[in-house]
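Visitor: Residue numbers (our numbering), protein chains in the order written: chain A, 16 to 196; chain B, 162 to 417. All residues carry an ideal CB built from backbone N, CA and C; glycine is no exception.
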């Protein structure tokens, strides 16, 4: 990071490579289009490079970067007249050639995972966005607020309501399973 | 964390995302091609043996004074104005041979237009977005729309310098531009006596290879190194590298 701040392009390229996944996915979520997301993420990294000399030493890079990414993505979404961000999609069923699932994922049985994903992708775009930021992209509350353009307190309340709605969609299924012999 | 939150974290890897493009490569290419960086970066500190460290501002000031001095000297000299000796047109490019190159200052930018994606470039210009098969996918794509001022549409792809592909200008190893049409003069190249201009065959297409001393290309005017120009269909291709004729031809033959 220090080398990139001092203007070393190779060091900055390594920094971009380390953050390009999270930047692109965040941009996808906000912009609602992968082509716009690519442009937004690229533009954000170039802007961050230009502003790096003014970046406070020791401050975390990722929240700052994601704020720029989200702004660029929002601008593109507005310019395209698109109302919604990217709708989440569950990946196709895992095949035997896939990498091993994470330990947390291994704890969930196949049917339970499918139900959870179905409930998540059935939520409206606003609920999906806040849940995706916190649990799918694993952003902090502060980062989520920056990406969604709201205050951290609003993230808390929006997240709480989104989780409630998700529980409500999962409960009928759980009750169904309980009575099935 | 509630049970539902834990379960959500567990399905993190089960979400389908579009594949992440090579943003790092594109950003590296843009940084190399884009001179609009912070002033602190543009003039790195210079250290000479036995001389105290020259701060960036000092180097910039010295360079500015030198540039002005050269410009004043050239402007005051009789016969400095470029005189066209002969010219040839190839597709959208006009190559003029002069006794002496016109004075060009440091280029503000390469005049490639705006950075964009391949799909957006195609939509904006109606031109094919090329790639050099031998080098793989480009690191950055630029599009320049036609303007009321007469500038023509163009698409440029940039490859960052790498092993086997030395930097031609600003860290760029290969710059390939496609221009529509055969109206000569959309791009003008001015070559002095130290620049060799040879006719070549690019996979059956007529081409011209400029090498030797740098020539001036524009607009906007800037110095350019070895350049291969050829015409395919109704598009003119211009490939700038630091490579020799045979290596440049090999790259050109792999253009898709």
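Do residue 162/B and residue 170/B count as a contact pair if the criterion is CB distance below 9 Å?
Guide: Yes.
Visitor: Between residue 32/A and chain B, is any beta-carbon pair separated by less than 9 Å?
Guide: By this cut-off, residue 32/A is an interface position.
Visitor: Measure the C-alpha to C-alpha separation of residue 323/B and residue 384/B and round it to an integer number of angstroms.
Guide: Roughly 21 Å separates the two Cα atoms.
Visitor: Quick one: is residue 145/A near chain B, going by C-beta distance under 9 Å?
Guide: Not one chain B Cβ lies under 9 Å of residue 145/A.
Visitor: Could you tell me the boundaries of the beta strand (DSSP E) in which residue 24/A lies?
Guide: Per DSSP, residue 24/A belongs to no beta strand (DSSP E); it is in the alpha helix (DSSP H), 24–46.
Visitor: Can you tell me where the beta strand (DSSP E) holding residue 315/B begins and where it ends?
Guide: 315–321 is the span of the beta strand (DSSP E), which, as asked, contains residue 315/B.
Visitor: Taking the CB atoms as reference points, tell me whether residue 314/B and residue 340/B lie closer together than 9 Å.
Guide: Against a cut-off of 9 Å, the Cβ pair of residue 340/B and residue 314/B comes out as a contact.
Visitor: By DSSP's criteria, residue 276/B is part of a beta bridge. Which residues make up the other side?
Guide: DSSP lists 303/B as partners of residue 276/B.
Visitor: Could you give the distance in angstroms between the alpha-carbon of residue 355/B and the alpha-carbon of residue 261/B?
Guide: One C-alpha to the other measures close to 9 Å.
Visitor: Taking buried to mean at least 16 other C-beta atoms within 10 Å of its own C-beta, is residue 275/B buried or exposed?
Guide: Burial call: exposed.
Visitor: Report the three-state DSSP secondary structure of residue 210/B (helix, strand or coil).
Guide: Note that residue 210/B scores 32 on pLDDT, short of 50, meaning its location in the model is unreliable and no value can be drawn from it.
Visitor: Starting from the Cα of residue 131/A, find the closest Cα among 154/A, 72/A, 180/A, 95/A and give me that residue.
Guide: Of the listed residues, the one whose Cα sits closest to residue 131/A is 180/A.
Visitor: Between the C-alpha atoms of residue 61/A and residue 128/A, what's the straight-line distance to the nearest angstrom?
Guide: Going by the C-alpha atoms only, they are around 38 Å apart.
Visitor: Using the three-state DSSP reduction, which class does residue 374/B fall into: helix, strand or coil?
Guide: Three-state DSSP puts residue 374/B in coil, outside helix and strand.
Visitor: Take the Cβ of residue 280/B as the centre, count every other Cβ of all protein chains shown within 10 Å, and call the residue buried at 16 or more, exposed below.
Guide: Residue 280/B should be labelled exposed.
Visitor: For the alpha helix (DSSP H) holding residue 52/A, just list the boundary residues, first then last.
Guide: Counting along the chain, the alpha helix (DSSP H) containing residue 52/A begins and ends at 49–66.
Visitor: Under the rule that 16 or more other beta-carbon atoms within 10 Å means buried, what is residue 53/A, buried or exposed?
Guide: With 16 or more other Cβ atoms within 10 Å, it is buried.
Visitor: Shorter than 9 Å from the beta carbon of residue 413/B to some beta carbon of chain A?
Guide: False, the Cβ-Cβ gap to chain A never drops below 9 Å.
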